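Q: Dumping the structure here so I can ask a few things about it.
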Amino acid sequence: MTPVRFVALGDSLTEGIGDPVGDGWRGWAALLAGGLSGEPVTFTNLAVSGAQTRDVVERQLPTALALRPDVVSVVVGVNDTLRCTFDIHAVAARLDTVYGAFAGRGVTLLTACLPDPGTMLGLPGALARPLARRQRAVNTVVHALSERHGAVHLHAAEGAWTSDRAMWSADRLHPGERGHRQLAARFHALLAETGRATGPAPSPEPEFPAPTRSASLWWLATQGSAWVARRCTDLLPQLLTLAADELRHRARGTSARLDLRTAAAVSAALGAVSVGERGVDAA
Numbered sequence: 001m002t003p004v005r006f007v008a009l010g011d012s013l014t015e016g017i018g019d020p021v022g023d024g025w026r027g028w029a030a031l032l033a034g035g036l037s038g039e040p041v042t043f044t045n046l047a048v049s050g051a052q053t054r055d056v057v058e059r060q061l062p063t064a065l066a067l068r069p070d071v072v073s074v075v076v077g078v079n080d081t082l083r084c085t086f087d088i089h090a091v092a093a094r095l096d097t098v099y100g101a102f103a104g105r106g107v108t109l110l111t112a113c114l115p116d117p118g119t120m121l122g123l124p125g126a127l128a129r130p131l132a133r134r135q136r137a138v139n140t141v142v143h144a145l146s147e148r149h150g151a152v153h154l155h156a157a158e159g160a161w162t163s164d165r166a167m168w169s170a171d172r173l174h175p176g177e178r179g180h181r182q183l184a185a186r187f188h189a190l191l192a193e194t195g196r197a198t199g200p201a202p203s204p205e206p207e208f209p210a211p212t213r214s215a216s217l218w219w220l221a222t223q224g225s226a227w228v229a230r231r232c233t234d235l236l237p238q239l240l241t242l243a244a245d246e247l248r249h250r251a252r253g254t255s256a257r258l259d260l261r262t263a264a265a266v267s268a269a270l271g272a273v274s275v276g277e278r279g280v281d282a283a
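According to the UniProt record's numbering, the sequence shown is numbered sequentially starting from 1.
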């Protein structure tokens with residue numbers, strides 16, 4: 001029997017950061033792979049830490065298509081919200097391109113919406129709200145495009161798992177082993193409901209002991225601090241501008257305008273994608 005081919009695209013979440021095994025990372029996608037079929041599964045992880053939707057379209061998509069997958073996961077977008085170049089129109093167009101490329105080939109497509117990084121990091125309200133607004137915009141786009149392209153979509157943006165510290169690694173942005181296992185188990189359940197996962201469900205119980213507090217603090221002081229430094233160089237100046245705008249609107253009682261502005265941008269982005277598709281169909 002031909003092995004099931006599973007290819008994972010995305011960023012550090014899918015790369016497996018937070019779930020160390022040996023000298024590398026494992027992560028939810030690798031955990032899920034073993035349960036997709038009772039037969040052998042060929043798993044290729046193309047996800048790269050820091051990847052944005054542009055990286056998925058330009059670098060990961062061509063390689064993934066060449067592998068002719070039966071199942072593919074595309075979980076990306078958080079890094080887009082953490083950049084000064086954030087553009088929901090571009091995010092929607094890129095995700096539509098990626099989703100459509102696989103859906104058009106009959107591939108089982110896995111997607112997910114995710115918690116906003118500001119809340120997970122515990123940032124002050126004026127800093128957290130702009131990031132939350134961006135992540136909600138990305139999630140809305142992911143929801144809409146997942147439905148359009150028939151994806152198996154996991155709602156992971158909310159729920160008890162986001163506030164359960166046992167699910168998360170020391171950096172508060174990536175799941176720990178227990179969190180990665182929960183994502184794998186939830187994806188498996190969705191696939192099993194439609195008969196697209198016939199292997200054993202991933203165990204929710206950790207294989208390795210949780211990192212000690214001292215080990216977590218050491219990770220934050222070394223690798224974690226480097227991540228923060230990179231993001232601060234790129235995002236912090238704009239985030240401070242967004243926070244100042246947030247505070248001005250709150251002082252004037254006009255904060256609702258910011259939400260309306262974002263909602264209008266999301267609608268326009270999805271509308272532009274729909275118009276593009278109708279144009280292609282007409283041609």
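The C-beta atom is built at its ideal place from N, Cα and C for all residues, glycine as well. Here the structure is a predicted model, which is why all the values come from computation and not from measurement.
Thinking C-beta only, is H174 closer than 8 Å to residue 285?
A: Missing from the structure shown is residue 285; the chain here goes from 1 to 283 and no further.
Q: Taking the Cβ atom as the reference point for each residue, do V41 and F86 lie within a distance shorter than 8 Å?
A: The beta carbons of V41 and F86 sit no closer together than 8 Å.
Q: Suppose you measure from the CA of G34 to the CA of P3; what does that come to, to the nearest Å?
A: 12 Å
Q: Report all residues from its chain with a CB closer than 8 Å to the CB of H89; omit the five preceding and five following residues, and keep chain order.
A: A265, A268, A269, A272
Q: Determine, using beta carbons only, whether N45 and A8 come nearer to each other than 8 Å.
A: yes
Q: Where does L61 land, buried or exposed, given buried means 16+ other C-beta within 10 angstroms?
A: Residue burial is scored here from C-beta neighbours: L61 has at least 16 other C-beta atoms within 10 angstroms and is therefore classed as buried.
Q: Which residue wins for smallest C-alpha separation from L114, given the options T162, D19, P200?
A: T162
Q: Rounded to a whole number of angstroms, what is the C-alpha to C-alpha distance between A92 and S146?
A: 11 Å
Q: Of all the CB atoms in chain B, is at least one closer than 8 Å to the CB of T254?
A: Absent from the structure: chain B. Only one protein chain is present.
Q: Mind checking who V152 pairs with in its DSSP beta bridge?
A: L110
Q: Apart from the five residues on each side of it in sequence, which residues of its chain come closer than 7 Å, Cβ to Cβ, to T198?
A: S37, G38
Q: Which residues bound the alpha helix (DSSP H) around V71?
A: DSSP places V71 in no alpha helix (DSSP H) but in the uninterrupted beta strand (DSSP E) bounded by 71 to 75.
Q: Among G10, T262, R134, which residue has its Cα nearest to the Cα of A64?
A: Checking every option, the nearest Cα to that of A64 belongs to G10.
Q: What does DSSP give as the partner residues of T42 in its beta bridges?
A: R5
Q: Can you say whether H180 is buried or exposed, counting buried as having 16 or more other CB atoms within 10 angstroms of its CB?
A: buried
Q: Does the beta-carbon of E246 have 16 or more other beta-carbons within 10 angstroms, so that it is buried, or is it exposed?
A: A residue is called buried once 16 or more other Cβ atoms fall within 10 Å of its Cβ, and E246 is buried on that count.
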